[in-house]
Amino acid sequence: MGVVSSKLGNLGVVTTSLEDAINWARTGAMWPLLFGLACCAIEMMSTQASNYDLSRFGMELNRASPRQSDLIIVAGRVTRKMAPVLRQLYDQMASPKYVISMGDCASCGGVYNNYAIVQGVDEILPVDVYVAGCPPRPEQLIHGILTLQEKVKTERWADWIKG
Amino acid sequence: MAITPVAQPTESVAKWEGSVEELRGLVSDRAMTGETLLLNMGPHHPSTHGVLRLLLELDGEQIVTCMPDIGYLHTGIEKNIESKSYEKAVTLTDRMDYLSPMSNNMVYCLAVERLTGLDVPERAQAIRVICLELARIASHCVWLGTHALDMGAMSIFLYAFREREFILDMFEMLSGQRMMGSYFRPGGVWRDLVPEFMPALEKFVDFMPAKVDDYESLLVSNPIWIDRTQGIGVVEPEEALNLGLSGPTLRASGVNWDIRKAEPYSGYDRYEFDVPLGEHGDVYDRFFVRMQEFRQSIRIIKQAMKALPGGPFRSQNRKFVPPPRAELGQSMEAVIHHFKLWTEGFSAPDEEVYVSIESPRGEIGCYLHGTGGNKPRRVHFKTPSFMHISALGAMSKNHMLADLVGIVGSIDCVLGDSDR
Amino acid sequence: MNIPQALDPIASAREALDDTVLESKVFANETTLIVRRQDVARVARFLRDTSGLVYNYLSDISAVDYYPEVRGPEGDGRFAVSYHLYSMLYNRRIRLKAFLPEDDPVVPTVTVLWQAANWLEREAFDMMGIRFEGHPDMRRLLMPADWDGHPHRRDYPLGYETIMFSFNKDEINQHKPYAKKD
């Protein structure tokens, strides 16, 4: 990104690539889906509440409809009964869409190595960032979100076409 | 008329192809002809406090039938506990009712203690009471925040979570974890109170009553709040007992049953507190009862702080409770006990017990059946949210759809608690 | 209020329902009445409605699987159902227990006595496969409707995830088509 001191009066002109401009816009206003499953959802709520204030990162607006959201934070254990519902929600989201797998249960099944739990949400969804912890602290979730933003900033034109 | 299928997507999962015929007998006959509307609410819905699915039959905006469907968070905790030794299973109980993990720890530890006849020293009992009441306040904070948020009051959510963070910080001091501390163990607690805990607790009981007043002043005299809560979801006392309600939801109907008073555990009989009761059994009374419980909990904590006994913080019975680290270097016996406990665990008789305590939501019960060995044969938790959600149908009959949100909020259901 | 004298549940049940109570025991101050399975609803009604007992609150219905053993007074009980009743008037609890054979785990419903039993019985059916005769809505509650088996039976495997090593890495990754996105 380069700033050219312009010869056109006082108006500044920024030259940048389309990729960078769009990626910048995407990171700055990433709206998560209002979706919680279990214990991690409570920590996710804490992250959005007064003490940790997720709106500092442009994410205060939780959309209740998957069609309006860019990010799904899978907060909690995904059961075999819930898995189809979760996949449906993901399918309803408009591209570009990102997934954060929050907590051990969503990432790998956690302590529940049993019949009812999907052993990692990556069996049904493509996950971008895994956040460890049972449940992760709000700081950890924020770190996960920042990691995702870093990832989005480096996205290339070719990746968008692939979807 | 087709019902919206809840499940669908990937090829690996069978599609639910329900028809109205399957529901014959459960919904009114008018639904069969399409006169009333069948509406699916959830499992992804912001106001259901988790993954609760409600199948509604609506006549216009009025609810004719409400059929809750749970299990979207069924975790198999009971089955998992069967494969763990008694002490290891404490970590799993945390994650049932994730708003008050301490109550789950407590009921499980009490069941193990009753099954094995293990003693709990007085200091441990007092520490447990302090933690349980803190957990009650923290849980009520989440309930208040989300309940008010559902009904349209945003700011109280931010206030309630601010105070909850303070409690979580205290839990972190004690157990190293904000939420899932597994701080209670059979025979006592994991470790003694840390030095910085008591000053923090004193600070908390000093500022908290004023905060509760703040919450109340935001809602109690708010005409919108009153209009949306009074006379909604009324449950008569007899009906409440028949439906198996418990805790604040039952007490809002005027039934004076608090397990802390009726069957005192962990030395609750040593503290003075009142059991707040409602009169009408509506959403407002449930709100009112819980607001009073904030104050009673603070009152109990104050008494427990003042009269905190000295002595050991866990049982000295070395067959059940590991020896302190310092003993390991000096006593061969301590090494043997330590090794036995951390490899095999202790064993419990082939008998059954049922223990119940008063969790923030109501009666949480633990049925524990031993095998004679180091693992239980069967653990079953009776959880308050389970009973309350099953009563939703009776509570929401003939109400407006918008009031259902308030009713669901007022029973304070946690889906992890109901599905386990 | 005039509260009638509390009765001993074991003695009064034995007296009123002569042959239904097969056994009784007390462990850790908890009273258990063991009855024949077909009498469960009758005894529960007696315990609820008799003045002096008034076990008016149904706390819990728990099922237990004794596999591979069989237990009970009749020696064929693989399963047992325990009803935990609580009397608010006298502040005491009782457990009503019935053993059920493996091939026919059926017990009469108590939903006619307590509405609370509705979901508790459905849960016991879902998890243990115990059928409650006369229940208004005997469907699965917690597991998906098309689930095979009853997960909390002792002979149902817990299920587990295979631990990933270098030799089975590819096999496991097949289950996780999205795990290696990049």
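Chains as they are written, first to last, in our numbering: chain A, 4 to 166; chain B, 459 to 878; chain C, 8 to 189.
We put the beta carbon where it would ideally sit given N, CA and C, even for glycine.
Following the DSSP letters along the chain, one finds residue 156 of chain A in no beta strand (DSSP E) but inside the alpha helix (DSSP H) bounded by residues 141-156.
Per DSSP, reduced to three states, the secondary structure at residue 87 of chain C is strand. In the DSSP assignment, residue 569 of chain B falls within the unbroken alpha helix (DSSP H) covering 559-574. The C-alpha of residue 568 of chain B lies about 41 Å from the C-alpha of residue 859 of chain B. In the displayed model, residue 66 of chain C falls within a strand according to three-state DSSP. Cβ atoms of residue 83 of chain A and residue 151 of chain C come within 8 Å of each other, at about 7 Å.
Sixteen is the threshold: when 16 or more other Cβ atoms of the shown chains lie within 10 Å of the Cβ of residue 773 of chain B, as they do, the residue is buried. At a Cβ-Cβ threshold of 7 Å, residue 679 of chain B and residue 820 of chain B do not count as neighbours. The segment 739-820 of chain B contains, as complete alpha helix (DSSP H) runs of 4+ residues, the segments 741-764, 783-786, 790-801 (chain order). At a cut-off of 7 Å between beta-carbon atoms, residue 620 of chain B makes contact with chain A. Apart from sequence neighbours up to five positions away, the residues of its chain that approach residue 96 of chain A with a beta-carbon distance below 8 Å are 36, 69, 70, 72, 73, 75, ordered along the chain. No Cβ of chain A is located within less than 7 Å of the beta carbon of residue 32 of chain C.
Listed along chain C is no residue with a C-beta nearer than 8 Å to that of residue 830 of chain B; the closest approach is about 11 Å. C-alpha of residue 78 of chain A to C-alpha of residue 638 of chain B: approximately 15 Å in a straight line.
Of all residues in the segment 536-559 of chain B, only 537, 538, 549, 550, 553, 556, 557 place a beta-carbon less than 8 Å from a beta-carbon of chain A. Secondary structure at residue 99 of chain A: coil, using DSSP grouped into helix, strand and coil. In the DSSP assignment, residue 586 of chain B is bridged to no other residue.
Sixteen is the threshold: when 16 or more other Cβ atoms of the shown chains lie within 10 Å of the Cβ of residue 683 of chain B, as they do, the residue is buried. Sixteen is the threshold: since fewer than 16 other Cβ atoms of the shown chains lie within 10 Å of the Cβ of residue 518 of chain B, the residue is exposed. Here residue 838 of chain B carries a strand assignment [DSSP, helix/strand/coil]. Residue 93 of chain A carries a helical assignment under DSSP once its states are collapsed to helix, strand and coil.
Distance between residue 15 of chain A and residue 619 of chain B, taken at the CA atoms: about 44 Å.
Under the Cβ distance rule, residue 128 of chain A counts among the residues neighbouring chain C, one pair being separated by less than 7 Å. Assigned with DSSP and collapsed to three states, residue 712 of chain B falls in coil, not helix or strand.
With its beta carbon at least 7 Å from every one in chain B, residue 19 of chain C lies outside the interface. For residue 47 of chain C, the uninterrupted alpha helix (DSSP H) run begins and ends at 47-56, by DSSP.
Residues of the segment 43-60 of chain A with a Cβ closer than 8 Å to any Cβ of chain B, in chain order: 44, 45, 46, 48, 49, 52, 53, 54. With a 10 Å radius around the Cβ and a threshold of 16 neighbouring Cβ atoms, residue 105 of chain A comes out buried.
Within chain B, the C-beta atoms nearer than 9 Å to that of residue 159 of chain C come from 534, 536, 537, 540, 836, 838, in chain order. Contacts between residue 44 of chain C and chain B, judged by CB atoms closer than 8 Å, are missing: the closest CB pair is about 17 Å apart. At a cut-off of 7 Å between beta-carbon atoms, residue 125 of chain A makes contact with chain C. If you keep only unbroken alpha helix (DSSP H) runs of at least 4 residues inside the segment 513-542 of chain B, you get 535-540. Taking C-alpha positions only, residue 616 of chain B is separated from residue 673 of chain B by approximately 11 Å. Per DSSP, the beta bridge partners of residue 31 of chain C are C:40.
Fully enclosed alpha helix (DSSP H) runs of no fewer than 4 residues occupy 681-687 of the segment 661-696 of chain B, in order along the chain. For residue 652 of chain B, the CB contacts under 6 Å within the same chain, skipping 5 residues up- and downstream, are 631 in chain order.
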